[in-house]
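Residue numbers (the numbering used here): 1 to 187. C-beta atoms are modelled at their ideal positions from N, C-alpha and C, and glycine is treated no differently. Structure record follows, encoded as structure tokens.
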């Protein structure tokens, strides 16, 4: 349950009214993808939201971050750098902790792929070059793997094919940004 929904529940607002309020707020926020209920049974389901995307290079450095939910608390750049480095380290540790009894070749072992909590879901997709794509979504967001793969496709098309982009450096590619925003709004 989001903090906004918790606030509405604490005020004893029925779920139908809560969704009406959320939909009214969505018209004022450009970067938020809200779920619009189409049937009475869907009024009780939470909105489907992609919160943010973080891209980490193979050394654990933050090369890109984008928030798609403006109603969330903002995180400073320093905190994002710490988050990227910490996740990189934890990912490496979990990769080495994969039991060998699973008959997985050592070159195919992965670290953390999904981290579920009550307030968000973190999906990690690691490329063969070691770049990690972290996507933060609502816990019930469907098809997160498809979204991450599409983000990777946009990255490959617009960033990696950009002759001015240097590997392992922060991503400053306007076409990638536009493609990412249009995809997140369309989904």
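DSSP places residue 62 inside the beta strand (DSSP E), whose first and last residues are 62-67. In terms of CA proximity to residue 174, 162 leads the group 122, 58, 84 and 162. Under a 10 Å Cβ-count criterion, residue 141 is classified as buried, with 16 or more other Cβ atoms of the shown protein chains found around its own Cβ. Under the DSSP assignment, residue 93 falls in the alpha helix (DSSP H) whose first and last residues are 77-96.
Measuring C-alpha to C-alpha distances from residue 81 to each of 158, 57 and 149 identifies 57 as the nearest. Take residue 159, set aside five residues on each side of it, and the residues of its chain with a beta-carbon closer than 8 Å to its own are 165, 171, 173 and 176, in chain order. Pairing residue 52 with residue 136 gives a Cβ-Cβ distance under 8 Å. Listed as beta-bridge partners of residue 137 by DSSP are 50 and 121.
Contact check for residue 91 and residue 124: beta-carbon distance about 7 Å, within the 8 Å limit, so the pair qualifies.
As the crow flies, the alpha-carbon of residue 118 is around 7 Å from that of residue 139. Beta-carbon to beta-carbon, residue 85 and residue 60 are separated by about 5 Å, close enough to satisfy the 8 Å threshold. Between residue 184 and residue 95, the alpha-carbon positions lie close to 30 Å from each other. As the crow flies, the alpha-carbon of residue 66 is around 34 Å from that of residue 99. Residue 133 is positioned such that its CB atom lies closer than 8 Å to that of residue 151.
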